[in-house]
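Residue numbers (the numbering used here), protein chains in the order written: chain A, 30 to 460; chain B, 30 to 460.
Don't be surprised by glycine CBs; every beta carbon is placed ideally from N, CA and C.
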């Protein structure tokens, strides 16, 4: 172990939304909101999800329970301060609301968190943003209930206490982080992901996998110095509860991931992917993620003209899960020495049938499992394949180093040279 | 499978308190309450737990965070309508309070649930009691935050939505059941169980084990007819999440149970038992328990003069966990045919090292594991050993049949004859 705290931490925390899971769950939200005492509800979504008809269907269900419901497609994919302010203004104009429902991916859920926060606590958005960008203000009261209805099996935003946003003027990605931002209820209805193209399932699935694998390998909570209660953070490092979720998520992925990509209409595989996403979210929402997620910020943020299958051809992008995946094999080769047993156990959970794996050098086993999977599901062959070269490494490293909130749970102390080596080795992942 | 619903249930629900776990956690409650916006807090405990000094220590910690705290040892072991009314009256006299903390076993936690309910929702206790005894009234608003600090590793009351009580005039055990009764935060600090005598650890451990095993073998949620949202109950049958908690709880018990009974000062084993108790509570608090728990009500309730080691010599009692355990081997022999694989898997989780087990007839494997464990930890040898004989079987069956709320999650449809056979075969468990 690389850590030897003088007074090791003895306490860990675990928080999660209540959960309703299964086909049909999205039709019951009106009942759930009524039981919370809500009467006038804002449904937040984005234009793409609105086009599927699900947000309207959810609103119809809410009205059937005798509540008012307004739908606003006010979320921007990858929220910015400007997009959040616009969504807040739009909500304020149509308000007041005493409950919120987010139907969509991480962007819709995070937008709803910000709308709920600013409208309920009556402050200025930037005040709540993490210092040093904002003032890191904590909400002074409980927020109105927020129900999250994820339509992408991956983000975990339904389980987390953060809202991620780009501050446009400063060109930085930052967040708002407070335990009150966590949705009170997550409604996971696998029917809502059935229209997902194979490319989206592949990228979103790599996000699930890295949530599980990063929280499973995260720096253990006992390796930190003992915190005062006021110093506790939602991401407390790996612990017996986050381990449980991560392990089960990896087992579900081993069973369902390739099938779900190959055949999007396989209901069993879809259901298992939705469950894997939920479990991984419950785990990393408490333990944290680390190097691959930190690297993903600049990899997605500095995209030039890569246009992935399954996404809009009008926009250059590296989807979040793909951006996370591209440096994962090399990141886990580098973290291996922090806890070899855990890395080997993860490989076994993710690829239980592959006996020949264990002939590799131990450090290469988990990267090998990841690379095989990425080839099978059509991920690009490394950073070069999405448009980066050696000349971009310094920029990418600078962007990753800015994610200190994530790097704080890396199982090894991580510096610029480590990240540069991981980026360089990730240019091409297989021959 | 014995069930073939016309329209199988597709949805399950999962709810849990937030959790803070580890040595030291009980000293941080003031901070947690302040973050919830509380200012004046009632600490509910019972006289026995009060004598350990922990409730006062918790109150001192709360005051150090600038809040007011009042301690009342108002909980009666095995709460009755009379004891709850007395606790409510005592709390009202010292109130108002805007948060509650329960320090103790299931009795203290359930008493605090009732006090919070009646004081916050401003109704009459009996109105809230389950029909037909009471009116089954639902609280009309969210309750004040309740923090549960269990001092007995077993009850799971920190995770459940029920308050169990005896109605004295009617001589029945019933409950109040509503999702709003669930504590918002469970603080599990293994230091608070360190004074537990071996006999208490053994009984409480059997309660944990049966929580895990009964929720793991409970009727699957998919075997019910599809419910309308208003028909959903907190105990929805076994499901992928309750399974996860039950499995891990059984693995922890396999590792730590015998050690914790043998050496109460083994901190590692105590910590693992506390974690096992928490996990089992999170599982059964959603899936439910069944036959052994239903049987435990009359076995404990009709006690004549059994006085177990480790408990007060002044009072005849069959401790709850012991009462649950006494019919467990025979109950699981009877439930075996509902899902043989699951029963064998449980035996493997509970006794992974015992290869010779698997030579038994499959139906006898899990009962054998349980009987061996019960002998090792000093459980009585069957119902005879706590004072019952064949002539008591009809009475015991009548008492168990009254627990329809629990029997509803039995993996096989259960009638009087089934219970009578289980009781009779449980008179003596080993030669």
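For residue 240 of chain A, the nearest beta carbon of chain B is not closer than 8 Å to its own beta carbon. Residue burial annotation: residue 199 of chain B is exposed, with fewer than 16 other C-beta atoms found within 10 angstroms of its C-beta. Apart from the 5 residues on each side of it in sequence, residue 298 of chain B sits with its Cβ closer than 6 Å to the Cβ of 285, 288, 289 in its chain, given in chain order. Close CB contacts of residue 359 of chain A within its chain, under the 6 Å cut and outside five residues either way in sequence, are with 451, 454, 455 (chain order). With respect to chain A, the C-beta atom of residue 170 of chain B has a partner C-beta closer than 8 Å.
Chain A has no Cβ within less than 8 Å of the Cβ of residue 361 of chain B. For the pair residue 367 of chain A and residue 249 of chain A, the Cα-to-Cα distance works out to about 10 Å.
Counting only the Cα atoms, residue 416 of chain A lies some 52 Å from residue 218 of chain B. Sequence-distant partners of residue 226 of chain B (beyond 5 residues in either direction) whose C-beta falls short of 6 Å from its own C-beta, in its chain, are 339. Under DSSP, the beta-bridge partners assigned to residue 203 of chain B are B:194. A Cβ of chain A is located within less than 8 Å of the beta carbon of residue 39 of chain B. Contact between residue 317 of chain A and residue 435 of chain A holds, since their C-beta atoms are separated by about 7 Å, short of 8 Å.
Pairing residue 53 of chain B with residue 176 of chain B, the inter-Cα distance amounts to about 15 Å.
Classified as exposed, residue 388 of chain A has fewer than 16 neighbouring CB atoms from the shown chains inside 10 Å of its CB.
Of A:390, A:253, A:269, A:384, the smallest CA-CA separation from residue 35 of chain A is found for A:253. Beta bridge pairing from DSSP links residue 48 of chain B with A:43, B:215. Cα atoms of residue 275 of chain A and residue 333 of chain B: separation of roughly 49 Å, rounded to the nearest angstrom. Restricted to the segment 305-378 of chain B, the alpha helix (DSSP H) segments that are unbroken, complete and at least 4 residues in length are 320-330, 349-355, 357-364, listed in chain order.
A straight line joining the alpha-carbon of residue 351 of chain B with that of residue 321 of chain A spans about 50 Å. Taking C-beta atoms as the reference points, residue 364 of chain A and residue 269 of chain A fail to come closer than 8 Å. A:353 is the residue among A:46, A:353, A:261 whose C-alpha sits nearest the C-alpha of residue 233 of chain A. Within the model, the alpha-carbon separation for residue 63 of chain B versus residue 394 of chain A is close to 48 Å. With respect to chain A, the C-beta atom of residue 286 of chain B has no partner C-beta closer than 8 Å.
Across the segment 212-239 of chain A, no CB contact with chain B closer than 8 Å is found for any residue.
Rounded to the nearest angstrom, the gap between the Cα atoms of residue 323 of chain A and residue 194 of chain A is 14 Å.
Shortest Cα-Cα distance from residue 212 of chain B to any of B:405, B:458, B:392, B:311 involves B:311.
Leaving aside the five residues that flank residue 244 of chain B on each side, the residues in its chain whose CB is nearer than 7 Å to its CB run, in chain order, 267, 271, 275, 312, 313, 316, 317, 318.
Neighbours of residue 264 of chain A across chain B, judged by C-beta separation under 8 Å, do not exist; the nearest C-beta is about 15 Å away. Approximately 7 Å separates the beta-carbon atoms of residue 372 of chain B and residue 246 of chain B; this is inside 8 Å, confirming the contact. Taking a Cβ-Cβ cut-off of 7 Å, the neighbours of residue 277 of chain B in chain A comprise 273, given in sequence order. If you draw a straight line from the Cα of residue 224 of chain B to the Cα of residue 376 of chain B, it comes to about 30 Å. Checking the DSSP bridge columns, you'll see residue 411 of chain A has no partner listed. Taking residue 93 of chain A as the centre and dropping the five residues before and after it, the same chain places the C-beta of 59 closer than 7 Å to its C-beta, in chain order.
Assigned with DSSP and collapsed to three states, residue 131 of chain A falls in strand.
With contacts defined as CB atoms closer than 8 Å, residue 398 of chain B and residue 380 of chain B qualify as a contacting pair. Residue 190 of chain A is a Cβ neighbour of residue 208 of chain A, given a cutoff of 8 Å.
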